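Q:
Residue numbers (the numbering used here): -11 to 140.
1. Based on DSSP bridge pairs, tell me the residues matched to residue 60.
2. For residue 91, does the three-state DSSP call read helix, strand or coil?
3. Between 45, 59, 101, which lies nearest to residue 78 when the distance is taken from Cα to Cα?
4. Using only alpha-carbon positions, find the residue among 21, 58, 42 that is nearest to residue 130.
5. When you compare the region 6 to 20 with the region 37 to 44, are there three or more beta-carbon pairs, one atom per stretch, that lie closer than 8 Å?
6. Work out the CA separation of residue 95 and residue 80 for me, nearest whole Å.
7. Between the Cα of residue 39 and those of 65, 17, 89, 126, spot the shortest distance and give me the residue it belongs to.
8. Roughly how many angstroms lie between the CA atoms of residue 115 and residue -8, to the nearest whole one?
9. The alpha helix (DSSP H) that contains residue 55, what's its start and end?
10. Buried or exposed, going by whether 16 or more other CB atoms sit within 10 Å of the CB of residue 101?
11. So which of 93, 53, 56 has the shortest CA-CA distance to residue 72?
12. So which of 76, 84, 61, 23 has the shortest CA-CA distance to residue 135?
13. For a test of the three-state rule: what should DSSP assign to residue 68, helix, strand or coil?
14. DSSP on residue 127, reduced to helix/strand/coil?
15. Sorted by chain position, which residues of the same chain lie with C-beta nearer than 7 Å to residue 24's C-beta, five sequence neighbours on each side aside?
16. Shortest alpha-carbon distance to residue 106 belongs to which of 27, 138, 69?
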């Protein structure tokens, strides 16, 4: 069975470590408690305004930078341009207005490679629509390694 084959790959050392123990978040103190694993579901919850989206975007940027992960995003509370601005600020570590045009272009290229929108502000989508869009993006990017994460 597939399960037996996967177990044999793991036991023999042929399965990459990150496939079962996860990858670094980019924050050593967090790595001791949490390491993202492709194919696993992580739920981040909290009250409105508590920083869930800020933290997830920071984590996604770390994973994109350090491990070349790509994400499909469906963040209903962000307009496309606001999300782009927020990501540029996280990449630069400075306010958007202080980022040079050259640096902005570099960051937009990075974002275009690592972040794909599958739903956006004020669009009425159900989970089936979101997952179908994410699957489409993953299929398009298959030759480039596909998607490693979906942020809803």
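Just so you know, even glycine gets a beta-carbon here, dropped at the ideal spot from N, CA and C.
Every value quoted in this text rests on a predicted model; they were computed, and no experiment measured them.
A: Reading from the atomic positions:
1. Looking at the DSSP output, residue 60 bridges to 104, 138.
2. Correct three-state label for residue 91: helix.
3. The residue with the shortest Cα to Cα distance from residue 78 is 45.
4. Nearest Cα to residue 130 within the set 21, 58, 42: 58.
5. Counting Cβ pairs under 8 Å, fewer than three are found: no touch.
6. Between the C-alpha atoms of residue 80 and residue 95 there is a straight-line separation of about 8 Å.
7. Closest by alpha carbon: 65.
8. Cα-Cα distance, rounded: 32 Å.
9. Residue range 40 to 55 is occupied by the alpha helix (DSSP H) that includes residue 55.
10. When all chains shown are included, residue 101 counts as exposed.
11. The option with the nearest alpha carbon to residue 72 is 93.
12. Sorting 76, 84, 61, 23 by C-alpha distance to the C-alpha of residue 135 places 61 at the top.
13. It is helical.
14. Residue 127: helix per DSSP, three-state reduction.
15. 10, 11, 13, 30, 51.
16. Check the Cα spacing between residue 106 and each of 27, 138, 69: the tightest is with 138.
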